[in-house]
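Structure record follows, encoded as structure tokens.
Residue numbers (the numbering used here), protein chains in the order written: chain W, 74 to 322; chain P, 13 to 543.
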């Protein structure tokens, strides 16, 4: 009954209905086969809303999600609007993830409602490459509005969700986002010498429209905003020995 | 008196709000003690010359045209500032517009430091010519200008008397007698002509006007004779008046008061195209717009909108106004709606550069306007790099819409910098890792175990949570900026990038270099978090 060919055809029909007959939509591929092949659109759809959350409430994971967003925005085209709730983004750090300070416009919103409204204005303007917002509460209606505003344009909408309460999962609430990601920091690429290697993240695609979720360890964005798959380790022991005591200097 | 035009050039010297060149009043003693003698300088070829000197400086023998080096050698503690001819001209224009609004409808600029006022039919409003001249001098003195006023039948005569004679009111028809004793440069003729006249023994205007006309024209050309005729009133000299800008406004009155938001919106939709047409006729774009709705009870309701760039697109203006309609409280009804242009700037056609290799940058000015009406322009910014190694000072908030980058000026052909083909340097050093988020204030860490002098910590506690450090990079030593703040002369921060057992990366620093106590107290702080 569950013939894969039939299922695929049904999916395409559904997508055709949703998009008014257009099959191809602009998307932003990661350039990583293992990721792109598992995404329904071969990448992140440009005209849609995507949600990203930190895996834990620790600030390090929050920053991992921040840099993941910065890398996505860096690879999008044109100016980027970042709607913040607090002013702690550090432009030199974002620039090291490929997001040029000349492209980035900051806007500060007083509350979540204002933040979502500003994001919607940014999406409807059509002159931006990406709109990023950091919200605590964004319910189904709000995310649906953002998704509708994004449709038909080329502005990727990225919503960074923070936990509204300590310990709650920001991704679990219902939302109209096309993909929902969870980013957690992971131990960095081991180096043969002392020091911190390239950062790594545990990327978890919690939900996606028209596809399955998955989990993957990637290396963090480089100076052009591209993630990479970790190289196959020659010294597997060294990876496992991440908890081994540091050698005395 | 009929048809007579009487002009008066006031000669204010618009230099720094202090009496400057040409002011007859003696420098008062107090001023001399308070201010050093002031001169402004202008580059003339390879030589830097004095452009103007204040009375105190003139009393010390400094004259316009002297070399600044000589002046410095003569006078100790001389206050030398660069001259600003464009600024002076702009100030003179502002003064002219003020004069045109206040004293006389026809006001023209005369050289770089004078004004012609056509007093025909206005002097009696100020109590006669003498009273008016006193009044103008007094008002200008209050604004910091030293003025000299001459009133005569013709602009040429008034010019000559104001600049070469001083305060004077020439009775009607007497300009020939008044000018007779003045030197020939008072005729506004070129230096070459003055020199030529001098060689022929003609120093005074009286001598020149006594000569027979025909040989005069043959010998000196028409220009000299034209100036003489203009000064004596034989030939008319039209002035080129300064036209004071008028503010643009469009208004709609209603027979019946309106009260609903829909009606207001409808009429704003009618008014904005009219405003756009008025702006287009002037070649202007609006930067600040005020919509005044006049209520029946006389309480005006105002909506103010600002635009990031000059704009006159009616749809865009309407969109911005529409958002604010709920701020209008109609009360018992609105009688009239007026759109006032509060600030406008030139908005002409702009060249479109067609490029095949890159997309035109989208214009985000409209988005900035829209967002500014919602959250205010203060809540939007861009980060600009600042040349500083101290992390919290390495970025600064800048305006969202910076002026469009000017194309790099083409240097001289032999400019050495043209050999540099490298791309411009990145704003911050790309090699030193910087965190994604920086804490506003570094947070003190507890229970830090670290070896001195330059080892990263083994473990630390931040916000009550213990972390064990697995990997670390550092130290990156950042010295205090002693050239900015004296207190930082010795202070040192040693930054470490550390990773804990869960792979979380933090940016820590230790105050002090671990060797000298003066550099810091060896306490540990967390300053930023990497992703």
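Positions of the beta carbon are idealized from the N, C-alpha and C atoms, including for glycine.
What are the start and end residues of the alpha helix (DSSP H) that includes residue i?
{"i": "residue 229 (chain P)", "result": "225-232"}
{"i": "residue 263 (chain P)", "result": "Run containing residue 263 (chain P): none in the alpha helix (DSSP H); it sits in the beta strand (DSSP E), 261-270."}
{"i": "residue 150 (chain P)", "result": "141-154"}
{"i": "residue 379 (chain P)", "result": "377-387"}
{"i": "residue 210 (chain P)", "result": "203-211"}
Can you give the Cα-Cα distance for residue i and residue j, rounded to whole angstroms?
{"i": "residue 284 (chain W)", "j": "residue 288 (chain P)", "result": "51 Å"}
{"i": "residue 11 (chain P)", "j": "residue 207 (chain P)", "result": "The structure shown does not extend to residue 11 (chain P), since chain P is modelled only from 13 through 543, so no value can be given for it."}
{"i": "residue 141 (chain P)", "j": "residue 57 (chain P)", "result": "44 Å"}
{"i": "residue 359 (chain P)", "j": "residue 378 (chain P)", "result": "15 Å"}
{"i": "residue 383 (chain P)", "j": "residue 225 (chain W)", "result": "21 Å"}
{"i": "residue 428 (chain P)", "j": "residue 438 (chain P)", "result": "21 Å"}
{"i": "residue 203 (chain W)", "j": "residue 105 (chain W)", "result": "21 Å"}
{"i": "residue 33 (chain P)", "j": "residue 232 (chain P)", "result": "Low local confidence applies: a pLDDT of 32 at residue 33 (chain P) is under 50, so the model's placement there is unreliable, and no value is given."}
{"i": "residue 370 (chain W)", "j": "residue 401 (chain P)", "result": "Since the first residue of chain W shown is 74 and the last is 322, residue 370 (chain W) is not available in this structure."}
{"i": "residue 169 (chain W)", "j": "residue 305 (chain P)", "result": "51 Å"}
{"i": "residue 209 (chain P)", "j": "residue 202 (chain P)", "result": "11 Å"}
{"i": "residue 184 (chain W)", "j": "residue 210 (chain W)", "result": "10 Å"}
{"i": "residue 316 (chain P)", "j": "residue 397 (chain P)", "result": "33 Å"}
{"i": "residue 205 (chain W)", "j": "residue 253 (chain W)", "result": "14 Å"}
{"i": "residue 89 (chain P)", "j": "residue 95 (chain P)", "result": "18 Å"}
{"i": "residue 155 (chain W)", "j": "residue 179 (chain W)", "result": "5 Å"}
{"i": "residue 292 (chain P)", "j": "residue 324 (chain P)", "result": "8 Å"}
{"i": "residue 229 (chain W)", "j": "residue 241 (chain W)", "result": "26 Å"}
{"i": "residue 220 (chain W)", "j": "residue 231 (chain W)", "result": "10 Å"}
{"i": "residue 442 (chain P)", "j": "residue 167 (chain W)", "result": "11 Å"}
{"i": "residue 540 (chain P)", "j": "residue 257 (chain P)", "result": "54 Å"}
{"i": "residue 238 (chain P)", "j": "residue 176 (chain P)", "result": "19 Å"}
{"i": "residue 340 (chain P)", "j": "residue 363 (chain P)", "result": "40 Å"}
{"i": "residue 82 (chain P)", "j": "residue 214 (chain P)", "result": "34 Å"}
{"i": "residue 41 (chain P)", "j": "residue 68 (chain P)", "result": "Legend: pLDDT at residue 41 (chain P) = 40, less than 50; position of this residue unreliable, value from coordinates given subsequently. Going from the Cα of residue 41 (chain P) to the Cα of residue 68 (chain P) covers about 10 Å."}
Can you check DSSP and say which residues form a bridge with residue i?
{"i": "residue 60 (chain P)", "result": "P:55"}
{"i": "residue 541 (chain P)", "result": "P:449, P:518"}
{"i": "residue 323 (chain P)", "result": "P:298"}
{"i": "residue 474 (chain P)", "result": "P:477"}
{"i": "residue 134 (chain P)", "result": "Residue 134 (chain P) pairs with nothing; no bridge assigned."}
{"i": "residue 410 (chain P)", "result": "P:394"}
{"i": "residue 94 (chain P)", "result": "P:53"}
{"i": "residue 507 (chain P)", "result": "P:488, P:521"}
{"i": "residue 181 (chain W)", "result": "W:157"}
{"i": "residue 512 (chain P)", "result": "P:481"}
Would you call residue i buried or exposed, if buried means 16 or more other Cβ atoms sit within 10 Å of its Cβ?
{"i": "residue 395 (chain P)", "result": "buried"}
{"i": "residue 147 (chain W)", "result": "buried"}
{"i": "residue 169 (chain P)", "result": "buried"}
{"i": "residue 434 (chain P)", "result": "exposed"}
{"i": "residue 295 (chain P)", "result": "exposed"}
{"i": "residue 376 (chain P)", "result": "buried"}
{"i": "residue 224 (chain P)", "result": "exposed"}
Could you tell me whether the Cβ of residue i comes closer than 8 Å to any Cβ of chain W?
{"i": "residue 483 (chain P)", "result": "yes"}
{"i": "residue 506 (chain P)", "result": "no"}
{"i": "residue 375 (chain P)", "result": "yes"}
{"i": "residue 78 (chain P)", "result": "no"}
{"i": "residue 518 (chain P)", "result": "yes"}
{"i": "residue 129 (chain P)", "result": "no"}
Quick one: does residue i have its CB under 8 Å from some CB of chain P?
{"i": "residue 303 (chain W)", "result": "no"}
{"i": "residue 163 (chain W)", "result": "yes"}
{"i": "residue 315 (chain W)", "result": "Only weak support exists for where residue 315 (chain W) lies, its pLDDT of 45 falling under 50; the value from the coordinates is given anyway. Taking Cβ atoms only, chain P reaches closer than 8 Å to residue 315 (chain W), which makes this a yes."}
{"i": "residue 233 (chain W)", "result": "no"}
{"i": "residue 220 (chain W)", "result": "no"}
{"i": "residue 139 (chain W)", "result": "yes"}
{"i": "residue 112 (chain W)", "result": "no"}
{"i": "residue 132 (chain W)", "result": "yes"}
{"i": "residue 169 (chain W)", "result": "yes"}
Taking the continuous beta strand (DSSP E) assigned at residue i, which residues delimit it?
{"i": "residue 78 (chain P)", "result": "Note, residue 78 (chain P): premise wrong, no beta strand (DSSP E); not H, not E."}
{"i": "residue 457 (chain P)", "result": "Counting along the chain, residue 457 (chain P) falls outside any beta strand (DSSP E), and DSSP gives it neither H nor E."}
{"i": "residue 350 (chain P)", "result": "346-358"}
{"i": "residue 485 (chain P)", "result": "477-491"}
{"i": "residue 287 (chain W)", "result": "287-292"}
{"i": "residue 123 (chain W)", "result": "122-127"}
{"i": "residue 128 (chain P)", "result": "126-130"}
{"i": "residue 274 (chain W)", "result": "273-281"}
{"i": "residue 252 (chain W)", "result": "252-259"}
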